[in-house]
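According to full-length UniProt numbering, the sequence shown is numbered sequentially starting from 1.
Here's the structure, in structure tokens; my notes come after.
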Amino acid sequence: MPALGAREAAGVVGDVLLPVLAGGVIVRRPRAMSLVERTGWDRRGVERMRALRERYGPGPLPLTVRGRAYAVVLDPEDARRVLLETPEPFSPATLEKRSSLAQFQPHGVLISGGGERARRREFVEQVLETPRPLHETAGRLTAVVREEAGLLLEGAERSGQLRWEEFDAAWWRIVRRVVLGDAARDDTALTAQLGALRSAANWSLAGPRRRRLRSAFLSRVRSYVAQAEPGSLAERVARTPAPTGTDRAGQIPHWLFAYDAAGMATMRALALLATHPQSAGQAHQEATAGDPDAPRELPFLRGCALESVRLWPTTPLILRESTAETSWAGGTLPAGTVFALYTPYLHRAEPAAPYGDAFAPGQWTEETGREARTNPALVPFSSGPAGCPGENLVLLTVSTLLAALLERHTYSLASHPQLRASAPVPATLDHFALRFRVDAGC
Ligand code: HEM
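Have a look at this one:
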């Protein structure tokens, strides 16, 4: 297949790869996020892909970057194929991911191969109860989320506002309690250790290896599994058997790291609801229906969470490395090609029609026939055999928190004037800068 020329490849690197790398792949960098938002860099990436698709057709589009062969996947059916035919011949454990994620999860399923991947995946699915919308741990999770939301809202009522800083601290308390147990609620040192390892991971191959920090962090995680606090994921890890070599506790670092993305998605969903009154009305109705202390499915709020990740994907590049030569309409691509699904394009441009740049949570709910679920271009949680096994758990956590926040409070967005119901949703939303005015008693 003909590869892109040097100039066009440089354009893809400049408009697609650089903003993703600058913003931080493994942990977001606040200053860079602000820059990417102010300069509309992500929008340029989507436009660049649109132009290349018009010129070269649906692809995949091969290009070489620093000697490594990539192919950008532009067509929804090709995206479906790559994700379905995982892990063979499309392996999720690319060199890029292995070198960065090994900083804090050397035995994580995402960077495992062969039989080891299969065993770890099975274990992770069992513990996270992948297919279930309401988990065995849903009762405790609901109680934890509502308690922490209550404390967060007390502070917001006093100050009249909700900022990212306070939200983030409350979010991590929830994550530590859900994953590791109540004993970890105030273990901010653990989150800081993970943060430092993630910062090193941002540099992929070029980053320093932080082996001592990694082993201190991992032994702290293991100590929570040893305590096995009832109702926590750590307890499910402790009591779920797995073959030797699975490294059961070693799967937890990915969950802690990935829950960070769900915090971003929650605040961004709140920003969408604060600026889209009709959807806010529907969300409020759902939040106040039924017993709020019992676990609930909350389909509309789940749709809001999914829209938040569709519009601002937390994995902007889903990568797969081919283990064999692969055939496409336009020819063949050699083994070792890295297939890149650039989700901002797939989620926003023509493949995402008819909603593209609009906030449309209804496309994820039963009532509108789950249009989004049948569109292979929309993959906020990836899909196929290596799709996110935590999706339902994330949607349960985020929708429960949104319901608690919306039950008796209203929000107006004090940051980001460009976010309006009448305008296309902006390509980037710097979550660090989010700030709401909060009114109690609706
Ligand atoms: C908003 C939050 C989240 C989003 C958008 C998300 C999305 C994704 C995506 C796109 C992938 C595929 C990555 C790739 O192929 O390179 C993935 C993989 C994965 N996610 Fe999530 N995730 C989220 C949170 C979570 C949470 C909280 C957990 C665990 C509790 C989790 C567990 C995993 C695991 C274990 C994998 C690797 C699966 C495999 O390789 O078989 N994720 N996730």
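Yeah, the Cβ is synthetic: ideal placement off N, Cα and C, and Gly gets one too.
- Arg158 is classed as exposed because its beta carbon has fewer than 16 other beta carbons within 10 Å across all chains shown.
- Judged by pairs of C-beta atoms under 8 Å, the region 53 to 61 does not touch the region 27 to 39, as fewer than three such pairs exist.
- Look at the region 125 to 177 and you find these whole runs of alpha helix (DSSP H), each 4 residues long or longer: 138 to 159.
- For a cut-off of 8 Å, the C-beta gap from Arg120 to Thr246 is around 6 Å, short enough to register as a contact.
- Here Ile318 is bridged, per DSSP, to Leu341.
- For Asp439, the secondary structure class from DSSP, reduced to helix, strand or coil, is strand.
- Non-local C-beta neighbours of Arg44 in its own chain, meaning closer than 6 Å and more than five positions away in sequence, comprise Asp15, ordered along the chain.
- Beta-bridge partners of Pro62 (DSSP): Ala71.
- Assigned with DSSP and collapsed to three states, Trp328 falls in strand.
- Between ligand 1 and Cys388, a heavy atom-to-CB distance of less than 7 Å is present.
- Going by DSSP, Thr191 is part of the alpha helix (DSSP H) stretching over Thr188 to Ala201.
- With contacts defined as CB atoms closer than 8 Å, Leu256 and Val179 qualify as a contacting pair.
- Counting the other CB atoms within 10 Å of its CB gives Ser327 a total below 16, which places it among the exposed residues.
- Under DSSP, Thr410 shares a beta bridge with Asp439.
- In this structure Ala71 touches Thr337 by the C-beta definition: roughly 5 Å separates them, less than 8 Å.
- Excluding residues up to 5 positions away in sequence, Pro76, Ala79, Leu346, His347, Pro351 and Ala352 lie with their Cβ nearer than 8 Å to the Cβ of Ala377 in the same chain.
- When rounded, the separation of the alpha-carbon atoms in Ala192 and Asp260 is 13 Å.
- Boundaries of the alpha helix (DSSP H) around Leu256: Ile252 to Thr275.
- Ser91 sits in a strand when the DSSP states are folded into three classes.
- Following the DSSP letters along the chain, one finds Pro230 in no alpha helix (DSSP H), marked with neither H nor E.
- Residue range Pro299 to Leu311 is occupied by the alpha helix (DSSP H) that includes Ala305.
- Within the same chain, Pro426 come within 7 Å of Gln418 by CB-CB distance, once the 5 residues on both sides are set aside.
- Within the DSSP secondary-structure output, Leu333 pairs in a beta bridge with Thr326.
- Secondary structure of Asp430 (DSSP, three-state): coil.
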